[in-house]
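> FYI, the numbering for the sequence shown is 126 to 262, going by the numbering used here.
C-beta atoms are modelled at their ideal positions from N, C-alpha and C, and glycine is treated no differently.
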Amino acid sequence: MNNSWKLDHVAHAVHDLEATVQHYQTMGGFTCIEREHLPEQGVTIAFLQAGPTTIELIAPLGTNSKVETFLAKRGEGLHHLCFEVEDIDQELRELEAKGARLIDKTPRAGSRHSRIAFVHPSAFQGVLVELCQYPRA
Ligand code: CO
126 MNNSWKLDHV AHAVHDLEAT VQHYQTMGGF TCIEREHLPE QGVTIAFLQA
176 GPTTIELIAP LGTNSKVETF LAKRGEGLHH LCFEVEDIDQ ELRELEAKGA
226 RLIDKTPRAG SRHSRIAFVH PSAFQGVLVE LCQYPRA
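#1: Cβ of GLU159 versus every heavy atom of the ligand CO: is any distance shorter than 8 Å?
#2: Going by other Cβ atoms of all chains shown within 10 Å of its Cβ, with 16 needed for buried, is PRO185 buried or exposed?
#3: Out of LEU196, ARG233, GLN215 and ALA222, which has the shortest C-alpha to C-alpha gap to GLU165?
#4: To the nearest angstrom, report how far apart HIS205 and ILE241 are at their CA atoms.
#5: Is ARG237 helix, strand or coil by DSSP?
#6: Would you list the one or two residues that DSSP bridges to PRO185?
#7: Give a yes or no on whether 9 Å exceeds the smallest Cβ distance from GLU255 to chain C.
#8: So what does DSSP say about GLY176, is it helix, strand or coil?
#9: Could you tell me which residues DSSP puts in a beta bridge with GLN160?
#10: Just grab the DSSP bridge partners of GLN258 for me.
#11: In the DSSP assignment, find the unbroken alpha helix (DSSP H) run with GLU209 in it and report its ends.
#12: Between the C-alpha atoms of GLY200 and HIS140, what's the straight-line distance to the nearest angstrom?
#13: Let me check one thing: in DSSP terms, what residues is LYS131 bridge-paired to?
#14: Please name the residue in THR151, GLU211 and SER247 whose C-alpha comes closest to that of PRO260.
#15: Say yes only if the C-beta of GLU209 is nearer than 8 Å to one or more non-hydrogen atoms of the ligand CO, and no if none qualify.
Below is the structure:
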């Protein structure tokens, strides 16, 4: 089977975004390349360049945040892996046909003009998986 999923980013959930950006910088010389506040999703995020891929730091914003729930249940740590795909609608249909539980049955708007969808951790041995598709250049 031919695999076309490319690792786009690894997401790390934290309580304090600024402190963690500083920490990555101090420990590994990482550069923050982008920040976004997404109030409708209850998160604030920062992207750090890590070679060909990026680290997405996610912290809760406001009160009604899914990340807050995640942190309360599991503490700080790995939140999800995101894979870039060429046809997100097709990939979601295939995953569903293979029995994967989809959190987003249809893609929604993500950061950096992408379309994204989350797949339930039960489909990947406990790891939350995000798929993303960027607009064609
Ligand atoms: Co992500």
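Reading from the atomic positions:
#1: no
#2: buried
#3: ARG233
#4: 13 Å
#5: helix
#6: VAL168
#7: No chain C is part of this structure, which consists of one protein chain only.
#8: coil
#9: Position check: residue 160 holds Arg in this sequence, whereas Gln was assumed. Per DSSP, ALA171.
#10: ARG240
#11: Premise fails: GLU209 lies in the beta strand (DSSP E), 202 to 209, not in any alpha helix (DSSP H).
#12: 9 Å
#13: GLU209
#14: GLU211
#15: no
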